Amino acid sequence: MQNERLKRTIISIILLVLVSVFLNVLVAMRIIDEYTTQVLTIGAINVIVALGLNLISGFTGQLALGHAGFMAVGAYTTAALVMKLGFPIFPAIFAGGLVSALFGFLIGLPTLRLRGDYLAIVTLGFGEIIRVIMINLAEITGGPAGLKGIPPFTNNFFWRPVVSFGIVYLFLVLVVFLISNLLKSSPGCAIVSIREDEIAANAMGINVFYYKMFAFTLSAFIAGLGGGLYAPFFGYLNPNMFTFLKSVEFLIIVVLGGMGNITGTVLAGFGLTYLQEFLRFLQDYRLVIYPLILIVLMLFQPSGLMGLFGNREFSLTGLAEQINQALFRKSPAEKAGDK
Amino acid sequence: MTTVLQAENISIQFGGLMAVSSFNMELQEGELVGLIGPNGAGKTTIFNMLTGIHKPTSGRILVQSRNGGQRNIEKLQPYQITSLGVARTFQNIRLFKNLSVLDNVRIANHFNAQYKSIHAILRLPLFYQEEKRIYEYNMELLKLFKLEQKCNELAKNLPYGEQRKLEIVRALATKPHTLLLDEPAAGMNPQETKELMELIKSIKEQFDLTILLIEHDMNLVMGICERIIVLDYGRVIAQGKPAEITRNPMVIKAYLGKEMEHDA
Numbered sequence: 017m018q019n020e021r022l023k024r025t026i027i028s029i030i031l032l033v034l035v036s037v038f039l040n041v042l043v044a045m046r047i048i049d050e051y052t053t054q055v056l057t058i059g060a061i062n063v064i065v066a067l068g069l070n071l072i073s074g075f076t077g078q079l080a081l082g083h084a085g086f087m088a089v090g091a092y093t094t095a096a097l098v099m100k101l102g103f104p105i106f107p108a109i110f111a112g113g114l115v116s117a118l119f120g121f122l123i124g125l126p127t128l129r130l131r132g133d134y135l136a137i138v139t140l141g142f143g144e145i146i147r148v149i150m151i152n153l154a155e156i157t158g159g160p161a162g163l164k165g166i167p168p169f170t171n172n173f174f175w176r177p178v179v180s181f182g183i184v185y186l187f188l189v190l191v192v193f194l195i196s197n198l199l200k201s202s203p204g205c206a207i208v209s210i211r212e213d214e215i216a217a218n219a220m221g222i223n224v225f226y227y228k229m230f231a232f233t234l235s236a237f238i239a240g241l242g243g244g245l246y247a248p249f250f251g252y253l254n255p256n257m258f259t260f261l262k263s264v265e266f267l268i269i270v271v272l273g274g275m276g277n278i279t280g281t282v283l284a285g286f287g288l289t290y291l292q293e294f295l296r297f298l299q300d301y302r303l304v305i306y307p308l309i310l311i312v313l314m315l316f317q318p319s320g321l322m323g324l325f326g327n328r329e330f331s332l333t334g335l336a337e338q339i340n341q342a343l344f345r346k347s348p349a350e351k352a353g354d355k
Numbered sequence: 687m688t689t690v691l692q693a694e695n696i697s698i699q700f701g702g703l704m705a706v707s708s709f710n711m712e713l714q715e716g717e718l719v720g721l722i723g724p725n726g727a728g729k730t731t732i733f734n735m736l737t738g739i740h741k742p743t744s745g746r747i748l749v750q751s752r753n754g755g756q757r758n759i760e761k762l763q764p765y766q767i768t769s770l771g772v773a774r775t776f777q778n779i780r781l782f783k784n785l786s787v788l789d790n791v792r793i794a795n796h797f798n799a800q801y802k803s804i805h806a807i808l809r810l811p812l813f814y815q816e817e818k819r820i821y822e823y824n825m826e827l828l829k830l831f832k833l834e835q836k837c838n839e840l841a842k843n844l845p846y847g848e849q850r851k852l853e854i855v856r857a858l859a860t861k862p863h864t865l866l867l868d869e870p871a872a873g874m875n876p877q878e879t880k881e882l883m884e885l886i887k888s889i890k891e892q893f894d895l896t897i898l899l900i901e902h903d904m905n906l907v908m909g910i911c912e913r914i915i916v917l918d919y920g921r922v923i924a925q926g927k928p929a930e931i932t933r934n935p936m937v938i939k940a941y942l943g944k945e946m947e948h949d950a
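Going line by line, the protein sequences match chains A and B.
Sequential numbering from 17 applies to the first sequence in my numbering.
Sequential numbering from 687 applies to the second sequence in my numbering.
Below you can see the structure in the form of structure tokens.
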């Protein structure tokens with residue numbers, strides 16, 4: 017069994033590396049054109065933040081409405097550290113995540129003790145407060161005019177989109193890896209049990225408050241990472257990029273993909289980002305599309321896209337196992353012998 | 687004989703309503719005690735106090751902790767009380783409905799799991815070791831209740847009787863010394879109730895449990911309980927052996943509403 021697991025892990029890693037290299041080569045060779053690369057990069061950042069939101073709203077069952085705020089904290093922290101203090105870019109991105117996590121921790125401390133929708137209200141307020149602070153803290157954030165000239169991932173103009181995509185893609189893989197591994201473990205089960213029934217979870221020995229705090233802080237950290245990636249990618253920040261509507265956009269991604277489904281969030285995140293670009297010819301009318309999607313979704317498929325597939329997750333190890341079976345074809349009798 | 691769970695004069699008030707007043711109880715190790723009374727007598731409220739969901743307005747609750755000493759629990763959270771070894775089931779089934787049968791039981795193992803989130807995220811060997819141990823233990827428990835075939839089904843898709851059973855399995859997975867069962871036979875037919883009686887008796891022996899149960903099914907209560915406490919309007923009106931209880935005029939009055947002679 018140990019052996020089988022090792023084999024599966026190796027095949028999974030090879031698969032992952034192959035797909036990653038393939039994608040990045042397509043980007044580097046401009047087979048995927050620069051515009052699409054940009055859209056994919058924004059999509060990946062949106063997916064990262066939406067995954068953070070899914071962790072607290074989809075898996076822990078606590079509705080949060082201020083993830084644009086956490087993203088803003090991450091973005092401005094990263095930008096300030098790089099521009100004012102001369103931090104290298106990667107530590108600055110992580111610092112953005114950490115500062116955002118700190119905010120999450122402080123907000124969670126009083127609100128997560130309560131049951132119900134208090135978190136939604138408080139995070140809603142938080143998102144707006146952050147935006148107003150960013151507007152007024154002109155020395156660091158550039159105020160309402162925005163912050164220009166954030167150093168990009170690379171100064172080489174030709175390779176910039178390729179490098180940006182590669183880095184954001186790497187972070188996306190790491191975040192997916194982190195969340196899915198966490199959720200498949202005992203602490204992950206504890207988190208999901210809170211969504212299912214808080215009282216029963218508590219009676220089964222789960223420290224409900226601790227795990228709500230844990231999930232929310234981690235969720236804020238991930239959203240902060242998303243913001244931290246956004247700053248050097250875009251090179252310009254403006255407080256009005258992080259309005260309440262932006263938070264709702266993330267929520268729509270989560271709901272469309274399916275609450276509590278990682279695969280769904282990834283698909284919906286890229287899908288909606290692409291759709292938004294694709295619909296540019298409709299000008300402001302495209303803003304109608306989002307609410308429409310939501311209405312149709314709630315009427316016909318409230319469990320989201322992945323609800324159509326029984327809320328299952330795409331499993332890399334599952335795929336690896338199938339390849340394993342196909343490569344080293346075994347008779348059922350031998351398989352039984354393995355166990 | 688040691689006392690595993692002791693309630694001293696516990697009372698609880700909801701606004702102007704005294705739901706339970708001066709309730710006293712001692713559970714000795716290995717006892718099987720029934721808590722009965724008409725609807726609204728305060729039975730579930732007592733369970734909620736014993737498991738930390740409600741905090742008593744006054745009084746003390748003592749629990750024997752796993753290493754022997756007595757612990758005051760009236761200020762503890764439910765999850766802390768569970769980790770001391772008092773587990774419960776719920777009157778209105780509270781399973782994790784959208785999770786599989788196995789995951790339901792797995793959650794109850796959480797505070798026994800010897801690894802941290804970081805082990806899980808990085809998939810360190812300790813994670814696999816512990817998950818394997820927990821899996822095997824859970825499957826053993828499920829086998830005992832003949833649920834192992836259904837371990838991948840969602841809890842909400844189980845028939846009612848099996849949901850009740852799964853709640854008991856889940857409580858057992860926390861490795862308790864005392865089990866509180868809140869109407870385990872509610873909604874079961876006489877045949878199922880009879881099987882449940884046998885089951886309760888057998889798990890009590892097998893896991894060295896002390897059991898306190900609330901039940902309306904008198905056949906079950908009279909059949910397996912060694913001692914019965916009768917509650918009415920938040921007060922204990924009688925306690926003793928099943929045979930004594932059935933003859934107690936106070937109990938008959940509470941249940942049948944018979945007027946006593948001098949009242950008429």
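The beta carbon of each residue, even a glycine, is placed where N, CA and C say it ideally should be.
Treat the numbers as computed from the prediction; the structure is a model and nothing was measured.
Need the endpoints of the beta strand (DSSP E) that residue i sits in, please.
i                      : result
residue 697 of chain B : 689-700
residue 981 of chain B : What the structure shows of chain B is the stretch from 687 to 950, and residue 981 of chain B is not part of that stretch, so it cannot be assessed.
residue 708 of chain B : 703-714
residue 746 of chain B : 744-750
residue 898 of chain B : 896-900
residue 925 of chain B : 921-926
Along chain B, in chain order, which residues have C-beta atoms closer than 9 Å to that of residue i?
i                      : result
residue 194 of chain A : 807
residue 340 of chain A : The contacting residues do not exist; residue 340 of chain A stays about 18 Å from chain B at best.
residue 204 of chain A : 803 and 806
residue 208 of chain A : 782, 784, 785, 789 and 793
Under the rule that 16 or more other beta-carbon atoms within 10 Å means buried, what is residue i, buried or exposed?
i                      : result
residue 877 of chain B : exposed
residue 3 of chain A   : Here chain A comprises residues numbered 17 to 355, so residue 3 of chain A is not present and cannot be evaluated.
residue 142 of chain A : buried
residue 950 of chain B : Below a pLDDT of 50, predicted positions are generally treated as unreliable, and residue 950 of chain B, at 41, falls in that range; the measurement from the model is reported next regardless. With fewer than 16 other Cβ atoms within 10 Å, it is exposed.
residue 365 of chain A : Examination of residue 365 of chain A is not possible in this model, given that chain A is present from 17 through 355 alone.
residue 942 of chain B : exposed
residue 252 of chain A : exposed
residue 845 of chain B : exposed
residue 93 of chain A  : buried
residue 776 of chain B : buried
residue 352 of chain A : Below a pLDDT of 50, predicted positions are generally treated as unreliable, and residue 352 of chain A, at 47, falls in that range; no measurement from the model is reported.
residue 34 of chain A  : exposed
residue 20 of chain A  : exposed
residue 826 of chain B : exposed
residue 866 of chain B : buried
Identify the contact partners of residue i in chain A, using a Cβ-Cβ distance below 9 Å as the criterion.
i                      : result
residue 705 of chain B : Going along chain A, no residue has its Cβ under 9 Å from residue 705 of chain B, so there is no contact; the nearest lies around 18 Å.
residue 786 of chain B : Correct list: empty, because the minimum Cβ distance to chain A is about 10 Å.
residue 932 of chain B : Near residue 932 of chain B there are no residues of chain A at all, since even the closest Cβ is about 33 Å away, more than 9 Å.
Could you tell me which chain B residues have their CB closer than 7 Å to the CB of residue i, listed as they occur along the chain?
i                      : result
residue 215 of chain A : 739 and 780
residue 179 of chain A : Within 7 Å Cβ-Cβ: nothing; residue 179 of chain A doesn't reach chain B, min ~27 Å.
residue 212 of chain A : 782, 783, 784 and 785
Considering just the uninterrupted stretch of the alpha helix (DSSP H) at residue i, what are its terminal residues?
i                      : result
residue 789 of chain B : 787-794
residue 879 of chain B : 876-892
residue 809 of chain B : Neither: residue 809 of chain B is in no alpha helix (DSSP H) and is coded neither H nor E.
residue 849 of chain B : 846-858
residue 762 of chain B : Unbroken run through residue 762 of chain B: none, as it is neither H nor E.
residue 195 of chain A : 176-199
residue 253 of chain A : It is not in any alpha helix (DSSP H) - residue 253 of chain A carries neither H nor E in the DSSP assignment.
In terms of alpha-carbon separation, which member of the options lies closest to residue i?
i                      : options                       : result
residue 696 of chain B : B:717, B:920 and B:799        : B:920
residue 79 of chain A  : A:339, A:137, A:313 and A:256 : A:137
residue 828 of chain B : B:853, B:818 and B:843        : B:853
residue 834 of chain B : B:812, B:765, B:786 and B:819 : B:786
residue 774 of chain B : B:916, B:701 and B:730        : B:730
residue 103 of chain A : A:176, A:60, A:314 and A:244  : A:244
residue 207 of chain A : A:194, A:229 and A:187        : A:229
residue 871 of chain B : B:748, B:864 and B:879        : B:879
residue 145 of chain A : A:260, A:233 and A:235        : A:260
I want to verify the contact list: residues of chain A whose CB lies under 7 Å from the CB of residue i, in sequence order.
i                      : result
residue 757 of chain B : Near residue 757 of chain B there are no residues of chain A at all, since even the closest Cβ is about 15 Å away, more than 7 Å.
residue 860 of chain B : 220 and 221
For residue i, which residues in chain B fall below 8 Å Cβ to Cβ?
i                      : result
residue 222 of chain A : 765, 793, 796 and 797
residue 197 of chain A : 806, 807, 808 and 809
At 8 Å on the CB atoms, spell out the chain A contacts of residue i, in chain order.
i                      : result
residue 774 of chain B : 219
residue 813 of chain B : 201
*Those runs of the alpha helix (DSSP H) which lie wholly inside the stretch 99-165 of chain A and span at least 4 residues*: 105-127, 134-152 and 154-157
_Threshold first: 4 residues or longer. Then list the alpha helix (DSSP H) segments lying entirely within the stretch 42-100 of chain A, N to C._
50-69 and 83-100
*What are the complete alpha helix (DSSP H) segments, minimum 4 residues, inside the stretch 272-312 of chain A?*
278-294
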